[in-house]
Structure formats: C-alpha cells, structure tokens
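Throughout, the numbering used here is defined as the position within the sequence shown, counted from one, plus 55.
A virtual CB, placed ideally from N, CA and C, is assigned to each residue, including glycine.
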Amino acid sequence: MDFFKSGLKSVLGGPPEGVQPTGAETVERLVDRVQSSTLLDDRRDACRALKALSRKYRVEVGAQGMTALRQVLESDRADAEIVGYALDTLCNITSPETFEEEERPDGGGNVGEQFTEMFLKRPDAIPLILAFLDEYDFHVRWPALKLLSAVLSNKPREVQDAVLVSPMGVSKLMDLLGESREVIRNNALLLLIQLTKGNANIQKIVAFENAFDRLLDVVTEEGGVDGGIIVEDCLLLMLNLLRSNTSNMNFFKEGGYIQRLAPMLSLPSESDEVGWSPQKVSNVHCILQVVRTLVNPSNPAQIISSSQKHMRSCGLVDSLCSLLMASGVPADVLAETICTVGEVVRGCTENQEMLAAVMAPSTPPRPALVVLLMSMVNEKQPFSLRLAVLYCFQCYLYRNEHGQAQLVQTLLPASADVGQLTPGQLLCGGLFSPDPLSHWLVAVALSHVLLDSPAQKEQLLRVLLATGGGRPPVPLLQQLSNLLQTANSTHTRLGLLQLLSGWLAHCPSAVAQFLSAQSSISHLMAQVSAPDQDEHAGLVQGACAFLLGLCVAFNDGSASASGFDKATLRQLIERRVGLELFLERLSTLSRHEAYGRASKHPQARAAAPYDLLLDHEFCRLLRVLEGTVVKAVTPAPGELDGADGSGDSETSPVQLDRYKQLIRDQDARLNEMAASHIQLQQERDALQARLDELVAANQLLRDENTLLRARANAHAGEATTNSNDGIHVAELTQRLAALTADSHNKEQRIRDLEQQLESSPLKSNDIERTSADSQEVADLQAELSRLRKDQDDLLELLADQDARLTTFRQRLRDLGEKVEDDDEDDDDGDDISTGDEEEEEEEEEESRRREG
56 MDFFKSGLKS VLGGPPEGVQ PTGAETVERL VDRVQSSTLL DDRRDACRAL
106 KALSRKYRVE VGAQGMTALR QVLESDRADA EIVGYALDTL CNITSPETFE
156 EEERPDGGGN VGEQFTEMFL KRPDAIPLIL AFLDEYDFHV RWPALKLLSA
206 VLSNKPREVQ DAVLVSPMGV SKLMDLLGES REVIRNNALL LLIQLTKGNA
256 NIQKIVAFEN AFDRLLDVVT EEGGVDGGII VEDCLLLMLN LLRSNTSNMN
306 FFKEGGYIQR LAPMLSLPSE SDEVGWSPQK VSNVHCILQV VRTLVNPSNP
356 AQIISSSQKH MRSCGLVDSL CSLLMASGVP ADVLAETICT VGEVVRGCTE
406 NQEMLAAVMA PSTPPRPALV VLLMSMVNEK QPFSLRLAVL YCFQCYLYRN
456 EHGQAQLVQT LLPASADVGQ LTPGQLLCGG LFSPDPLSHW LVAVALSHVL
506 LDSPAQKEQL LRVLLATGGG RPPVPLLQQL SNLLQTANST HTRLGLLQLL
556 SGWLAHCPSA VAQFLSAQSS ISHLMAQVSA PDQDEHAGLV QGACAFLLGL
606 CVAFNDGSAS ASGFDKATLR QLIERRVGLE LFLERLSTLS RHEAYGRASK
656 HPQARAAAPY DLLLDHEFCR LLRVLEGTVV KAVTPAPGEL DGADGSGDSE
706 TSPVQLDRYK QLIRDQDARL NEMAASHIQL QQERDALQAR LDELVAANQL
756 LRDENTLLRA RANAHAGEAT TNSNDGIHVA ELTQRLAALT ADSHNKEQRI
806 RDLEQQLESS PLKSNDIERT SADSQEVADL QAELSRLRKD QDDLLELLAD
856 QDARLTTFRQ RLRDLGEKVE DDDEDDDDGD DISTGDEEEE EEEEEESRRR
906 EG
C-alpha cells in the first residue's frame with residue numbers, strides 16, 4: 056500500500072502538508088493528467104492509477120474518466136500497455152457485479168448498467184472493442200473480451216444489434232474459439248452463449264461460421280460426456296443455435312452432425328450410479344436436449360421426419376434405447392432419456408416399431424414398454440420419472456394404429472397369456488389402485504389408445520372386468536362410470552372424465568352404453584349444478600358439462616330404450632341445470648389457467664402432482680368440439696314440452712322468444728365487453744407510452760445524478776477555495792476604497808486650481824506661476840484618469856468575484872451543504888455607496904460656490 060501511495064504521489068505530485076486529497080480529487084487529477092499530458096509515459100502512469108482506483112471509486116472514475124479513457128483507446132492504440140489499462144478500467148466501471156471495496160452512494164442503483172448505457176451512446180463503441188480482439192497481445196485481447204462480456208450482460212439487446220451491424224463482428228468472436236489460451240477460448244464460449252440468445256440472425260451467422268464443427272471438435276478434445284464444464288458450454292451454445300431456428304436445424308442435419316452425436320450416447324449398459332459425476336449428468340442432459348431440439352413437436356413436420364430418419368440410420372435411436380435400459384443411470388438422466396426416446400419415435404412408424412422390439416435385460420426378458428408402464432403405475436417411483444413414462448407412451452401411440460390395436464388386444468381376456476404381464480393388465484391395475492395419481496396417468500394413457508381411432512373405441516367396448524363374488528363381469532365403460540361416481544379425488548375425477556370424453560366423442564355406441572349405466576346422467580347433472588367447492592371444482596364441473604354435451608351431440612337414438620334421446624337430454628339440461636349455467640360451466644374449462652398451460656405442448660409439465668390437471672389431447676378435443684356441444688344442447692323449437700309431444704304447442708313461440716332474448720342479451724354483453732376491451736387496450740397503449748417516457752426521463756436523471764454525485768466530493772473541496780476567494784474580494788474592496796479616496800482628493804485639488812484661475816485675473820508677474828499651475832492641473836488630470844481606469848478595473852474584478860461566490864454558494868446549497876451568507880460584501884457595498892454620496896455632496900457644494 057505504501058508503494059502504491061508513493062506511486063500515486065509521483066504521478067500527481069505531493070499535496071500540501073496536512074491535507075489529504077479525497078478520492079474525487081485524486082481521480083480528477085489523474086483524468087486531467089491523461090487528457091493533458093504530452094508524454095506517453097505520463098499518460099500510461101495515470102491510466103495505471105485510474106485502473107487501481109476504478110474498483111473502489113467506480114462512480115468517480117466512470118463519471119469523470121469515461122471520455123478520457125475512450126480518447127486513450129482511439130489515440131494511443133499503438134501502445135498495448137496503456138490500451139490494456141484503459142480496457143481494464145472500463146471493464147471495472149461497467150461490471151454488473153459489485154466489488155467488496157467499492158464505495159457506493161446510497162440509492163446508486165445498478166452503476167455498471169448506467170455506465171454501460173453512457174458508454175454505448177457512441178455508435179462506434181462496440182466496433183472499437185471488436186477492433187481490439189484482432190490484437191494477439193494477451194493484455195489487450197483479454198480485457199477487450201471481458202469488457203464486451205460486461206456490456207453484453209448489462210445491455211444484451213443493444214450489444215446484439217451493434218455486433219450484428221459491425222463488419223466481421225461475429226467472425227472476430229468465432230476466431231476466438233481457436234485460441235490456444237484456454238481462458239480466452241472459454242470466455243469467448245460464454246460470450247457467444249449470451250450473444251446468441253433470442254437472436255435468430257446472429258444464430259445463423261454463427262452457424263455458417265462453421266460453429267458446429269468447432270464446437271464438436273472441442274467436445275471431442277475435452278473427452279465427450281466425461282469432460283468438464285467446457286463440454287457443457289459447447290453444448291449450450293449448440294442449443295442456442297438450434298432452438299426455434301429451422302435454418303440451422305436443416306444445416307445441422309444436412310451437415311452430418313447428427314452422426315457425431317450418436318457415439319457420445321454409447322454408454323456402458325451397466326454402470327455405477329456413483330460414477331456419474333454432476334458434470335457428466337449435466338453433459339448428458341445437454342446432449343439429450345440437443346437431440347430433442349431437432350425432433351420437438353413444435354418443429355415443422357418435414358424437419359421432424361427427416362431428423363428421425365437420420366437418427367435411425369446413424370444408430371442414435373439404438374444408443375438411446377440402450378441408455379434407456381441401462382442400469383445405474385441417475386433418475387433425472389433416465390427421465391430425460393425417456394422423454395427423448397418418446398420424441399424420437401413420435402409419429403414415425405419405423406422408430407415406433409424399434410421401441411416396441413426393445414427388450415429389457417431382465418429375467419425373464421420383458422418388453423421395454425412393459426417395464427416403462429410398471430414404473431408409471433408404481434407410486435414409489437419419482438414423480439418426474441412417472442410423468443416422463445406417460446409422455447413416452449403417448450408418443451409411442453401417436454399415429455400408431457398398429458400399436459393401439461396391439462395394446463387393446465392385451466385388454467381382451469382371450470389374448471392374455473398365462474403368467475405373462477401385459478400392458479393391459481398394468482393399465483387396469485393402475486386404474487383401480489388406491490393412488491389418485493395412478494388413476495390420472497392411466498386414464499390419460501388409455502385415452503391416447505383411443506385417439507383418432509374409431510375402431511379401437513368399438514373394440515374397447517368388448518372389454519369386460521371381473522367383479523368377483525360370482526357376479527357377472529362388468530363392461531369397462533360401466534366400471535369407469537361407477538368409479539367416477541364414487542371417486543373423491545380431483546385427479547381421479549379429471550382423469551376419468553378426460554378418458555370418457557375421448558371415448559364417447561364420435562362414437563354413438565359408446566354413448567349408448569354410457570347412458571345405459573345406472574345414475575350416469577344424474578351424477579353428471581348434479582356435478583354441473585353443484586356450487587363451487589374448491590379452486591379445481593370448476594374444472595371438474597366443466598369437464599362434466601363437456602361429457603354431458605357429448606352424450607347429446609353423438610346420440611344417434613340407440614339409447615332411447617333407456618329414455619335418453621337427444622330431445623330428452625336437452626330438456627333435462629334446461630330444467631335441472633339451466634342452459635345459462637351449463638354454458639357457463641362449459642366455458643370455465645377453456646378459460647382456466649390449466650387449459651392454457653396444457654395446450655402449449657404435448658408433454659405434460661408439472662412441478663408436483665397437485666399441478667397435473669389437464670392433458671394436451673383433451674384440450675385439443677375440447678377446442679374442436681366445444682362449438683358442436685353448444686349447438687347440440689340448445690333446444691330446437693317444440694322440444695321443451697316433452698318427448699311425447701303432448702304439451703301445449705302454443706307455448707313454443709314464447710320459448711322461442713325467450714331464447715331469442717337470451718341471444719340478444721349475450722350479443723349485447725359481447726358488444727359491451729368488446730367496447731370495454733378496446734377502451735382498455737387504448738388506455739394500456741397510452742399508459743405504456745407514458746411509461747416509456749418516464750423510463751427515458753428517469754434514466755436521464757440517473758445519468759445526471761451519477762455525474763453530480765461524482766463531482767460532489769470535488770465541489771466540497773472547493774468550499775475552502777471559495778472562502779479564500781471571499782478574502783480576496785475583501786482585499787480588493789479595501790483597495791478600491793483607498794483608490795476612491797485618493798481620486799476624490801485629486802479631483803478636489805483640480806477644482807481648487809480651476810477656481811483660482813477663473814476668479815483671479817492674470818498679471819504679468821503671475822504668468823510663470825500660472826504656467827506651473829496649468830502643468831500641475833494637466834498632471835493631476837492624467838493621474839485622475841489613471842485612477843479612474845484602475846477603479847473601473849477593480850469594480851469589474853469585484854463583480855466577477857461576487858458572481859463566482861454566488862454560484863459556488865448555490866452549488867453547495869444544491870448539494871446539501873449548509874452555507875451562511877457573508878455580510879462583508881454588504882458592508883463593502885455600504886462603504887462604496889458612502890463614498891459615492893460624499894462625492895455627490897462635494898459636487899453640490901462646489902456648484903453652490905460657483906453660483907455665489
């Protein structure tokens with residue numbers, strides 16, 4: 056520390072004895088030295104000192120030295136040492152983190168972000184930093200990379216736009232991936248990860264700069280999945296380049312990079328879970344995410360199918376299936392692998408057949424699907440694993456008529472092999488287990504068995520379940536209805552309602568069998584008309600209303616023997632529930648948050664079982680058939696008076712007018728809501744515009760506040776100087792008074808001589824004396840002119856000093872300092888005024904004498 060202080064003293068010059076300069080004063084002197092020194096060594100020493108102070112006095116260095124540091128980068132770029140100091144200093148003042156030794160003013164906010172915004176106001180800021188990346192000198196390239204990372208963290212969108220328009224800007228960053236110095240290469244990776252987030256244009260440029268080859272080479276050099284964190288960084292950058300970017304996906308697929316992923320997933324079939332380090336788990340997760348990005352269901356169908364074909368041909372599907380059946384794999388890696396396998400086979404017949412043929416290495420060997428379903432219905436397994444198995448099973452059944460038919464066959468008694476566990480047995484066992492989560496998972500899985508397959512819906516009606524006690528077997532549909540009526544869990548009810556809705560839609564035979572089940576319709580109507588009991592009761596009531604509406608919409612009259620034809624059901628809904636309440640319950644489903652969450656992606660996502668409510672395919676079914684249900688339950692004229700037609704036909708127009716009025720009321724309400732929506736939208740736009748203005752004004756005030764706070768300490772030191780100025784003003788005022796008195800004396804002497812000349816006639820003997828007096832008068836007038844000029848100069852100096860004092864006092868008051876008014880100026884002013892009055896009195900007396 057003593058050495059550092061001595062170095063600063065040599066740069067700044069020693070302060071007066073007994074006076075310790077403040078940090079702001081020191082920074083101000085250093086900045087002045089950087090700007091005004093003609094010797095490079097002096098500027099370099101000053102930059103070195105600013106770098107040392109930039110962590111503790113970040114605000115002062117940033118506020119006062121930003122322009123000087125930029126000047127150094129522009130004018131002294133040939134000297135690597137001074138450029139390195141300047142870049143390091145800028146890196147410190149724009150850093151998003153807070154230093155331990157930093158002295159921060161209260162309410163300073165994010166200082167690094169504010170200085171970053173000030174630095175980026177110059178359009179050449181980012182090109183200036185990128186230019187220094189061409190320098191191979193470590194002391195220039197390394198701080199330039201750090202500075203670019205700092206400003207990117209604070210202002211990502213602005214830096215992305217600036218890099219995008221900079222010539223060869225992305226290319227310069229990509230060249231850093233070939234750096235032999237690992238610290239630069241690794242930090243360049245982190246910079247590119249941040250730079251490519253959410254910017255498709257930069258992603259394309261980086262990809263076509265041969266990024267995939269470079270990244271995969273680095274992954275291979277670092278040891279693949281067994282490598283360190285650099286492997287993870289490379290894979291994260293790869294993810295950024297591929298996610299939601301179809302152009303890069305095609306480039307990745309056509310460039311043969313999928314083949315290079317397959318060996319990384321060829322892990323031993325048996326491994327110790329303890330041998331999976333946290334870094335290896337992260338690396339495998341990232342590789343699986345890269346694979347899933349290529350076959351994500353939200354991608355265009357052509358990209359998905361071609362990627363699945365490449366994965367099958369290069370052996371990646373086999374590697375994934377081997378990892379799926381391997382032992383010792385951590386649970387989170389296994390869950391991600393199951394989801395990846397599901398998306399790789401989703402909608403691809405060949406890959407689905409490969410999955411169905413996979414056998415687990417068990418005794419006796421079992422199909423992989425059976426092992427997966429065993430995990431799904433086992434309540435001891437982790438929730439994430441059970442949810443992943445459901446998604447994989449759904450993907451296997453997606454557009455797989457053969458797989459759907461095979462699974463329904465395992466539910467039929469004649470097809471079950473003695474002693475062999477089948478998927479049908481596992482699903483039935485989970486459906487009637489005491490675990491509500493198993494009910495939901497199995498019900499949703501069975502609904503996908505029937506998805507877009509009318510033939511399998513008819514086949515499933517043949518499934519009979521033994522009840523024991525010598526009683527005859529019960530059809531599966533009737534058993535589901537009985538279970539729905541006795542269920543107490545929300546998950547059980549929602550799961551069964553979604554399964555029944557998928558089964559009854561477009562299947563009149565299933566509707567007829569469901570209507571024949573005892574108390575099925577009365578239970579649904581009771582649920583729809585019941586008051587809300589908890590936050591999920593609305594979902595259950597909406598699903599009941601939807602199922603009840605399907606019974607009307609797909610009722611072909613075959614259930615008339617049970618007394619439930621279309622007209623009768625419509626009358627029951629109107630009389631027992633009420634059409635308005637029914638429609639309200641039905642609309643609750645599509646307005647619920649769970650509906651919006653499940654509609655976004657085929658994979659069910661939930662942090663806990665409590666959040667698992669609706670399935671993606673059920674939401675799609677609701678979206679397609681909601682209008683059909685509303686139309687089906689709306690009674691036609693003449694249907695409200697009884698199915699037998701014995702009612703009074705004269706009431707039909709009354710009922711018609713009633714529903715017309717209902718429709719008019721609903722139209723008026725919709726128009727009112729539309730107008731209200733437009734008004735709210737306009738108010739929101741106005742408020743947003745006002746908010747943008749306030750944010751801009753607030754940022755401007757922050758910048759000004761930062762500069763004022765940085766100069767506060769410097770102005771505090773000026774208070775002493777101001778007091779010295781006050782003393783100087785006082786001296787000038789005493790001197791002005793003396794000159795004024797001397798001037799008055801000489802003016803009086805001139806007036807006396809002039810009076811003598813006028814009153815006394817000239818005589819011959821007085822000519823010589825008069826000439827002498829005239830010379831004296833001339834000398835006195837010259838001296839008087841000089842004195843008056845000095846007096847005018849002193850008056851101007853006094854006015855200037857007084858203005859400076861007033862300005863400094865006002866600045867100190869603005870900065871919160873207590874300043875007392877000095878009365879000396881007033882006293883001095885009184886003295887001057889008194890002198891002017893005496894002069895006027897003397898002139899009046901002289902005028903009276905002349906008149907006399």
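- Pairing Arg454 with Ala460, the inter-Cα distance amounts to about 12 Å.
- Rounded to whole angstroms, the separation of the alpha carbons of Leu476 and Arg517 is 20 Å.
- DSSP places Asp96 in the uninterrupted alpha helix (DSSP H) bounded by 95 to 108.
- Taking every protein chain shown into account, the CB of Ile393 has 16 or more other CB atoms within 10 angstroms, so this residue is buried.
- The count of Cβ pairs closer than 8 Å, one atom from the region 175 to 182 and one from the region 204 to 218, reaches three, so the stretches are in contact.
- Around Val632, the same chain offers Met580, Val583, Ser584 as residues with beta carbons nearer than 6 Å, after the five sequence neighbours per side are excluded.
- Between the alpha carbons of Glu748 and Ala729 lies a distance of about 29 Å.
- For Leu297, the three-state secondary structure derived from DSSP is helix.
- Nearest Cα to Asn242 within the set Gln865, Leu605, Leu200, Met429: Leu200.
- When the Cα atoms are used, Glu391 and Arg236 turn out to be separated by approximately 35 Å.
- In this structure, Leu515 sits near Leu466, with a CB-CB distance shorter than 9 Å.
- With respect to Leu108, Pro198 sits apart: the two C-beta atoms are not nearer than 9 Å.
- Bridge partners of Ala415 according to DSSP: Arg421.
- Between Leu296 and Asn303, the CB-CB gap stays under 9 Å.
- If you draw a 10 Å sphere on the C-beta of Asp670, you find 16 or more other C-beta atoms in it, and that means buried.
- Annotation: Ile260 to Asn338 spans about 25 Å, alpha carbon to alpha carbon.
- Among the bridge pairs identified by DSSP, Leu519 is matched with Pro530.
- Residue state for Ser382 is assigned as strand, using DSSP reduced to three classes.
- Nearest C-alpha to Ser321 among Gly311, Ile342, Gln334, Lys308: Ile342.
- In the three-state DSSP reduction, Phe193 falls in the helix class (H, G or I).
- By the neighbour-count criterion, in which 16 or more other beta carbons inside 10 Å mark a residue as buried, Thr861 falls on the exposed side.
- In this structure, Phe673 is the residue among Cys102, Phe673, Leu668 with its C-alpha nearest to the C-alpha of Phe601.
- Contact annotation, Lys210 with Glu156: C-beta distance approximately 25 Å; criterion of less than 8 Å not satisfied.
- Ranked by how close their Cα comes to the Cα of Ser574, the residues Gln588, Pro222, Leu603 have Leu603 in first place.
- Contact check for Leu481 and Leu428: beta-carbon distance about 4 Å, within the 8 Å limit, so the pair qualifies.
- In the three-state scheme derived from DSSP, where H, G and I count as helix and E and B as strand, Thr251 is classed as coil.
- Under the rule that a run must span 4 or more residues, the alpha helix (DSSP H) segments found entirely inside the region 421 to 459 read 423 to 431, 438 to 452.
- Excluding its 5 nearest sequence neighbours in each direction, Phe187 has C-beta neighbours in its own chain below 6 Å: Val195, Ala199, listed in chain order.
- Assignment of Cys599 by DSSP, reduced to helix, strand and coil, places it in the helix class.
- The beta carbon of Gln436 sits closer than 7 Å to those of Ser430, all from its chain and outside the five residues before and after it, given in chain order.
- Excluding residues up to 5 positions away in sequence, nothing lies with its Cβ nearer than 6 Å to the Cβ of Glu590 in the same chain.
- Taking C-beta separations shorter than 8 Å and ignoring five residues to either side along the sequence, the partners of Ala572 in its chain run Leu532, Gln533, Ser536, Asn537, following chain order.
- Rounded to whole angstroms, Val114 and Val86 show a C-alpha spacing of 13 Å.
- The C-beta of Arg401 has 16 or more other C-beta atoms within 10 Å across all chains shown, which makes the residue buried.
- Per DSSP, the continuous alpha helix (DSSP H) segment holding Ser362 begins and ends at 356 to 368.
- Val688 is positioned such that its CB atom lies no closer than 9 Å to that of Leu742.
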